[in-house]
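S.K.: Quick note on numbering that gives the first Met the number 0: the sequence shown kicks off at 0 and runs consecutively.
For every residue, glycine included, the Cβ atom is placed at its ideal position computed from N, Cα and C.
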Amino acid sequence: MAPPARLSINVLSRSFPGVKALDGVSLEVAAGEVHGLLGENGAGKSTLLKILSGVQAAESGEIRIDGAVVVPAAPVAARRAGIAMIHQELQQVPELTVAQTMFLGRQLVRAGVFVDRAAQEARCRAILAGLDPGIDPAARIRDLTVARRQLVEIGRALLDDARIIAMDEPTSSLTPAEFDRLAGVIEGLRPRGVAVIYVSHKLDEVKRVCSRATVLRDGRVVGRVDLAGTAIPALVSMMVGRDLATAGHSSFVRPQTLLSVRGLARGAAVRDVDFDLRAGEVLGIAGLVGSGRTELLRLIAGADRPSAGEMVLDGKPFLPPSPRAAIAVGIGLVPEERKRDGILPLRPIASNVAIATLGRFTAAGWIRRSRLRAAVTALVRRMALRPLDIDRPIRLFSGGNQQKAIIARWLAAEARILLFDEPTRGIDVGAKAEIYGLIEQFAREGRAVIVVSSDMMEILRVSDRVLVMREGTAAAMLDRSELSEEAIMRHAVPVSAIEKEAA
0 MAPPARLSIN VLSRSFPGVK ALDGVSLEVA AGEVHGLLGE NGAGKSTLLK
50 ILSGVQAAES GEIRIDGAVV VPAAPVAARR AGIAMIHQEL QQVPELTVAQ
100 TMFLGRQLVR AGVFVDRAAQ EARCRAILAG LDPGIDPAAR IRDLTVARRQ
150 LVEIGRALLD DARIIAMDEP TSSLTPAEFD RLAGVIEGLR PRGVAVIYVS
200 HKLDEVKRVC SRATVLRDGR VVGRVDLAGT AIPALVSMMV GRDLATAGHS
250 SFVRPQTLLS VRGLARGAAV RDVDFDLRAG EVLGIAGLVG SGRTELLRLI
300 AGADRPSAGE MVLDGKPFLP PSPRAAIAVG IGLVPEERKR DGILPLRPIA
350 SNVAIATLGR FTAAGWIRRS RLRAAVTALV RRMALRPLDI DRPIRLFSGG
400 NQQKAIIARW LAAEARILLF DEPTRGIDVG AKAEIYGLIE QFAREGRAVI
450 VVSSDMMEIL RVSDRVLVMR EGTAAAMLDR SELSEEAIMR HAVPVSAIEK
500 EAA
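1. Quick one: complete beta strand (DSSP E) runs, 3+ long, within the stretch 438 to 479?
2. Give me the residue from E88, V108, I126 and Q87 with the minimum Cα distance to M101.
3. Whole angstroms are fine: how far does the CA of I342 sit from the CA of R277?
4. Could you tell me the distance, in whole angstroms, from the CA atom of E439 to the CA atom of R394?
5. Helix, strand or coil for N40, going by three-state DSSP, please let me know.
6. Using a Cβ-Cβ cutoff of less than 6 Å, which residues in the same chain neighbour A502 once the five nearest sequence positions on both sides are dropped?
7. Along the chain, where does the beta strand (DSSP E) that runs through V220 open and close?
8. Under 6 Å Cβ to Cβ from L202, same chain only, skipping five residues before and after it: list those, please.
9. May I ask which residues mark the beginning and end of the alpha helix (DSSP H) holding M101?
10. One question on the structure: do C209 and H86 come within less than 8 Å of each other, judged by their Cβ atoms?
11. Under 8 Å between the Cβ atoms of A138 and T96?
12. Could you tell me how far apart the beta carbons of L6 and I64 are, in whole angstroms, since I believe they sit closer than 8 Å?
13. Does F15 pass the burial test, meaning 16 or more other C-beta atoms within 10 Å, or should it be called exposed?
14. What residues are listed by DSSP as bridge partners for H34?
15. Just mark W409 as buried or exposed, buried being the case when its beta carbon has 16 or more other beta carbons within 10 Å.
16. Given M310, which residues of its chain have a CB within under 6 Å of its CB, disregarding the five upstream and five downstream residues?
17. So what does DSSP say about A20, is it helix, strand or coil?
18. Between which two residues does the beta strand (DSSP E) carrying D271 extend?
19. Which residues share a DSSP beta bridge with M488?
20. Looking at the structure shown, is M166 part of a helix, part of a strand, or coil, going by DSSP?
21. With DSSP collapsed to three states, give me the class of V205.
22. How many angstroms separate the CA atom of V220 from the CA atom of A156?
23. Taking L122 as part of the alpha helix (DSSP H), name the residues at either end of that continuous run.
24. Could you tell me the distance, in whole angstroms, from the CA atom of D22 to the CA atom of L51?
25. Starting from F178, trace the beta strand (DSSP E) in both directions and tell me its first and last residue.
26. Express the C-alpha separation of A349 and F360 in angstroms, rounding to a whole number.
27. Leaving out five residues on either side along the sequence, give the residues of the same chain with a beta carbon under 7 Å from the beta carbon of I406.
28. Which residues does DSSP pair with D420 in a beta bridge?
29. Since Q106 contacts V112 with CB under 8 Å, what's their CB separation in whole angstroms?
30. Determine the contact status of V24 and L215, defining contact as a CB-CB distance below 8 Å.
31. Among S199, D478, G358 and I163, whose alpha-carbon lies nearest the alpha-carbon of A547?
32. Pull up the distance between the alpha-carbon of G66 and that of E335, whole angstroms please.
33. I434 and G423 - do their beta-carbons sit closer together than 8 Å?
34. If you follow the beta strand (DSSP E) that I330 is part of, which residue opens it and which one closes it?
35. Skipping 5 residues on each side, what residues in its chain have a beta carbon closer than 8 Å to that of P344?
36. Within this structure, are the beta carbons of D463 and V252 separated by less than 8 Å?
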């Protein structure tokens, strides 16, 4: 008789007002298996993980671990049952050390009173040796890379003897090299018998680390697949319920130059950058992490002040002292850290869209709410916001719909230059296609768009030209006819790294 699955989820259901988040969802994960959980934002993945980790309760159904029924009534109960959750946004205290983080809430003591720091660090070092021996147990969490912080969380799970580890978008902030390291660590969990649930919108990564996957759509299971025999287009079709158009690039570049940048610099982060941006153009900015891409966008958006150089907007000198000044002349930034820098999470969609243009809806100090609501409704309908509810707090919307609300904000402000920093990070494949369509639509209207992205295929898909950044400088400007992943990487990689590889 075959042993029971390490994790069995049986006909789990959960509803929220107006939404059936989970509708009889079942799945099984074997010991040592890495199982993908796929679906668009809003498909039910987050609700399932929250129930599994004790954050929310199911209305019906059951969870079994090694055949025994488990009721994770709270996160502490879930951990005691052997379930560990590694969140996309790591929930760690920056000032604590690695050892303190791993033993948080379960400190080792001596004499019944004193925290035994030496014993904690020794135990921590032993566990991390199999993950990344370079992590110092005495190091502060704030000083670690995102990749190493994730490994600390995996180490914490192993410290708890976790039998099930759920990973929610674990690679959203990782470089390809860091993903390679994480993939190796995940592979090393198989012999331990750990069952891993892996949630990601990056389907190529899912196919690499997972053997099977369960696909959710609208709270229901629509497929269980063997990933080795399933192509990515088939997965996408299963997730969204339709075939996504794979349209090629269309160019709408006009002769008019909207923005000229000459010798722009900010310390060592950005140095001597030149380029022209034309109406209807989509300019991609590529480069390795730390190459100065985000810092360049912040200078244009007025979030930082340059130390040298000049900008010319519509033939006039342009040096915005603040984001407000940049907004006033038609520049809008869709930031990389959407939840931290882009939204007011507790406020409704209406407030988030109108925040940059409230003056247009104000008379004698009073907000003309009917006019504001009509304008916001028209904008978010154009963005295909789902659900179309401008009174709903933005934190309750998926990442893709939050992104649409931020874009609507800049349309309300009549922005002519839109700056996108990692526009589709943490967004599902369906919403990603919609964002690409919006970028193309803005170019068709004669707006100019700058897109910073770590996704090479995204850069190749949307860009008319690509500015390649390397160590804070503009290493190359590639025309559409010159674009390829190889050409971009040839200019993006520091010369010292190329020489070292050749040696």
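M.R.: Short version:
1. 447 to 451, 464 to 469 and 472 to 478
2. I126
3. 29 Å
4. 27 Å
5. coil
6. Model confidence at A502 stands at a pLDDT of 44, short of 50, so the residue's coordinates are unreliable; what they give is reported in the following sentence. So no residue of the chain qualifies.
7. R219 to D225
8. I231 and L234
9. V97 to M101
10. no
11. yes
12. 6 Å
13. exposed
14. I196 and R211
15. buried
16. V260 and F317
17. strand
18. V269 to R277
19. Partner(s): none; M488 has no beta bridge.
20. strand
21. helix
22. 28 Å
23. According to the sequence shown, residue 122 is Arg rather than Leu. Where R122 is concerned, the enclosing alpha helix (DSSP H) stretches over R116 to L127.
24. 15 Å
25. Here F178 belongs to no beta strand (DSSP E); instead the alpha helix (DSSP H) covers P175 to L188.
26. 12 Å
27. V333, M382 and L437
28. V451
29. About 11 Å; that fails the 8 Å criterion.
30. yes
31. The chain is shown only over 0 to 502; residue 547 falls outside these bounds and no answer can be derived.
32. 43 Å
33. Checking the sequence, you will find Thr at residue 423 rather than Gly. Closer than 8 Å, so yes.
34. I330 to V333
35. K338, P392, I393 and R394
36. yes
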